[in-house]
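Undergrad: Here the protein sequences line up with chains X and U, keeping their order.
Position one of the first sequence corresponds to residue 1 (the working numbering), numbered consecutively onward.
Position one of the second sequence corresponds to residue 1 (the working numbering), numbered consecutively onward.
Backbone N, C-alpha and C fix where the C-beta goes; we use that ideal spot for every residue, glycine too.
Since we're looking at a predicted model, the values are computed, not measured.
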Amino acid sequence: GQNIDQPTEMTATEGAIVQINCTYQTSGFNGLFWYQQHAGEAPTFLSYNVLDGLEEKGRFSSFLSRSKGYSYLLLKELQMKDSASYLCAVRDEENNDMRFGAGTRLTVKP
Amino acid sequence: DSGVTQTPKHLITATGQRVTLRCSPRSGDLSVYWYQQSLDQGLQFLIQYYNGEERAKGNILERFSAQQFPDLHSELNLSSLELGDSALYFCASSVAQGQYEQYFGPGTRLTVT
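1) Counting only Cβ pairs nearer than 8 Å, list the residues of chain U close to X:D97.
2) Let me make sure I understand the geometry here. Which of U:V112, U:T111, U:F104 and U:T113 has the alpha-carbon closest to that of U:W34?
3) Whole angstroms are fine: how far does the CA of U:T113 sit from the CA of U:G58?
4) Please specify which runs of the beta strand (DSSP E), each continuous and at least 3 residues long, are wholly inside the segment 16-52 of chain U, giving them in chain order.
5) Pairing CB atoms from the segment 69-87 of chain U with CB atoms from the segment 7-16 of chain U, are three or more of them under 8 Å?
6) In chain X, what lies closer than 9 Å to U:E101 by C-beta?
7) With DSSP collapsed to three states, give me the class of U:G84.
8) With DSSP collapsed to three states, give me the class of U:K57.
9) If we define contact as Cβ-Cβ less than 8 Å, is X:F60 a contact residue for chain U?
What follows is the structure in C-alpha cells.
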C-alpha cells in the first residue's frame with residue numbers, strides 16, 4: 001500500500017521562502033507530483049519528479065530522493081496568492097494509480 | 001481554464017438515488033481520470049480510462065461505475081447514494097496514459113440529503 005505524509009498546515013511571510021515536505025511509502029514508485037489547490041477550486045499541476053534531484057520552475061522547485069521516500073516543494077519570494085493547499089501525490093507503478101496526501105494548507109501573511 | 005469541462009456544477013439529490021456526472025476532456029487528450037474530494041478524506045483517485053478502456057482503479061466503490069465513450073467524454077455513475085457520498089468530484093485529463101501532467105476540470109459538487 002501507500003502512505004503519503006505531509007504537514008497539515010504551515011504559515012509563512014510574504015517575500016520569504018517556505019519548504020513543504022512529503023514522505024511516502026509505495027510498493028512501486030513511478031513519479032511524484034505536486035499540485036496547488038485554492039479553496040473550492042480544482043487542483044493545478046505544479047511539478048513532477050521521477051528521478052532524484054531538483055526540478056526548478058520559476059519560483060517553485062521540487063526535490064526528490066527515491067531512496068529516502070522523500071520530496072519537498074520549495075516556494076520562493078512568497079506572494080499572498082500562494083496561500084492555498086499543496087498536494088503531494090505518488091503514482092504507483094504496480095497499480096498504475098495515483099495516491100494523494102491530505103495536503104498542506106499554506107497561509108502567507110503580510 | 002484547463003479546457004476540461006464537467007457537468008453539472010452542482011447536484012443535490014436524496015439518499016438511495018442514482019446520478020450521472022459528465023466530463024469532457026481537453027481536445028486531444030485520451031486519458032480521463034476521476035477523483036473524489038471530501039473534507040475528511042482529501043483527494044481520492046477513483047478510476048482512469050485511456051481511449052475508451054479502463055486502465056487503473058483506485059478507491060472506487062462497487063456502487064460507482066464509469067465509462068469512456070468513443071468521443072472520449074466520460075461519465076461517472078453513482079448509485080444507491082449515501083450521505084457519505086457528498087463530495088466534490090473532479091475529472092482530469094492528460095494527453096496519454098503515462099503523461100504526467102493532468103488537467104483538472106472545475107468539479108461537480110454533489111450533496112446527498
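TA: Checking against the coordinates, here is how it stands:
1) F45, Q48, A56, K57 and G58
2) U:F104
3) 26 Å
4) 19-24, 31-38 and 42-50
5) yes
6) F33, F45 and Y48
7) helix
8) strand
9) no
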